[in-house]
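Just so you know, the sequences run in chain order E and X.
Sequential numbering of the first sequence, starting at 1489, is according to this note's numbering.
Sequential numbering of the second sequence, starting at 557, is according to this note's numbering.
Just so it is clear, CB atoms sit at the ideal spot from N, CA and C, and this is done for glycine as well.
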Amino acid sequence: YEGGVNTIKEMGRSVHEIPRQD
Amino acid sequence: DSCIQFTRHASDVLLNLNRLRSRDILTDVTILVNRQQFRAHKTVLMACSGLFYTIFTDSLKCNLNAISLDPKVDPEGFAIVLEFMYTSRLTLKESLIMAVMNTAIYLQMDHVVDTCHRFIKSSD
């Protein structure tokens, strides 16, 4: 319990990946 | 030859970016969601959202300093998703999870959408 709420750890990718170039 | 990896670096840098946001230092855009306004850094928004990446890589729009979102977006949902961008923590209150998920869909944040889907299914 982190900060009093039930914290679920998500190990997967969180955001998109910006391409090296468009 | 050696290489030292500071394992806390990503979270320490993100915490500092969030401090800059809360002190309005070098924020360069205002996001208008219905009648609420949110100051943020374009680079952080682009790094997290496909929609903002598309907007701010468009040469015609990248210099805008205010962006109005579709009125269907819930300001509370947006506030939670913006907080996630700057903290890695997504607050999921029962009453707001749909607003959060719909905001993530609108902002083209697929990984957050998938995680919300799984969370909803698991709590059903």
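Problem set entry | Listed by chain order, chain X residues near Arg1501 (chain E) by CB distance under 7 Å | Against the first sequence, residue 1501 (chain E) aligns to sequence position 13. Those within 7 Å of Arg1501 (chain E) in chain X are His667.
Exercise. Taking 8 Å as the CB-CB cut-off, is Tyr662 (chain X) touching chain E?
Worked result: As a position in the second sequence, residue 662 (chain X) is number 106, starting the count at 1. So no, Tyr662 (chain X) is outside the interface.
Exercise. Anyone know if the C-beta pair for Leu588 (chain X) and Ile623 (chain X) falls short of 8 Å?
Worked result: Residue 588 (chain X) sits at position 32 when you count from the first residue of the second sequence. Residue 623 (chain X) sits at position 67 when you count from the first residue of the second sequence. Yes, they are a contact pair.
Exercise. Which residues in the same chain as Asp584 (chain X) place their Cβ atom closer than 7 Å to its Cβ, once the five residues preceding and following it in sequence are excluded?
Worked result: What you label residue 584 (chain X) is simply residue 28 of the second sequence in a count that begins at 1. These residues qualify, in order along the chain: His597, Lys598 and Asn621.
Problem set entry | Chain-ordered neighbours of Gly540 (chain X) on chain E, where CB pairs are closer than 7 Å | Any question about residue 540 (chain X) goes unanswered here, given that chain X covers just 557 to 680.
Problem set entry | For Ile636 (chain X), the three-state DSSP class (helix, strand or coil) | If you number the second sequence from 1, residue 636 (chain X) lands on position 80. Ile636 (chain X): helix per DSSP, three-state reduction.
For this session: Could you check what DSSP says for Val1493 (chain E) in three-state terms: helix, strand or coil?
Result: By 1-based counting over the first sequence, the position of residue 1493 (chain E) is 5. Correct three-state label for Val1493 (chain E): strand.
For this session: Would you verify that the beta carbon of Ser567 (chain X) is, or is not, closer than 8 Å to some beta carbon of chain E?
Result: Indexing the second sequence from 1 puts residue 567 (chain X) at position 11. It does not: the Cβ of Ser567 (chain X) has no partner Cβ on chain E nearer than 8 Å.
For this session: Just the C-alpha distance for Asp1524 (chain E) and Asn590 (chain X), rounded to the nearest angstrom, thanks.
Result: Not covered by the structure: residue 1524 (chain E). The range shown for chain E is 1489 to 1510.
Problem set entry | Closer than 8 Å to chain E by CB, Ser578 (chain X) | Walking along the second sequence from the start, residue 578 (chain X) turns up at place 22. No, Ser578 (chain X) does not count as interfacial toward chain E.
Exercise. So which of X:Leu648, X:Asp666, X:Asp630 and X:Leu663 has the shortest CA-CA distance to Thr1495 (chain E)?
Worked result: Here residue 1495 (chain E) corresponds to residue number 7 of the first sequence, with the count starting at 1. Checked all of X:Leu648, X:Asp666, X:Asp630 and X:Leu663; the closest Cα to Thr1495 (chain E) is X:Leu648.
For this session: Output the distance between the C-alpha atoms of Gly606 (chain X) and Asp614 (chain X), rounded to the nearest integer angstrom.
Result: Within the second sequence, numbered from 1, the residue matching residue 606 (chain X) stands at position 50. Within the second sequence, numbered from 1, the residue matching residue 614 (chain X) stands at position 58. Each residue's alpha carbon lies about 12 Å from the other.
Exercise. With 8 Å set as the bound, which would you pick, yes or no: does the beta-carbon of Ala603 (chain X) sit closer than that to a beta-carbon of chain E?
Worked result: The sequence position of residue 603 (chain X) within the second sequence is 47, counting from 1. True, the Cβ-Cβ gap to chain E drops below 8 Å.
Exercise. Taking only beta-carbon atoms, is Tyr609 (chain X) less than 8 Å away from chain B?
Worked result: As a matter of chain content, chain B is missing from the structure shown, whose protein chains are E and X.
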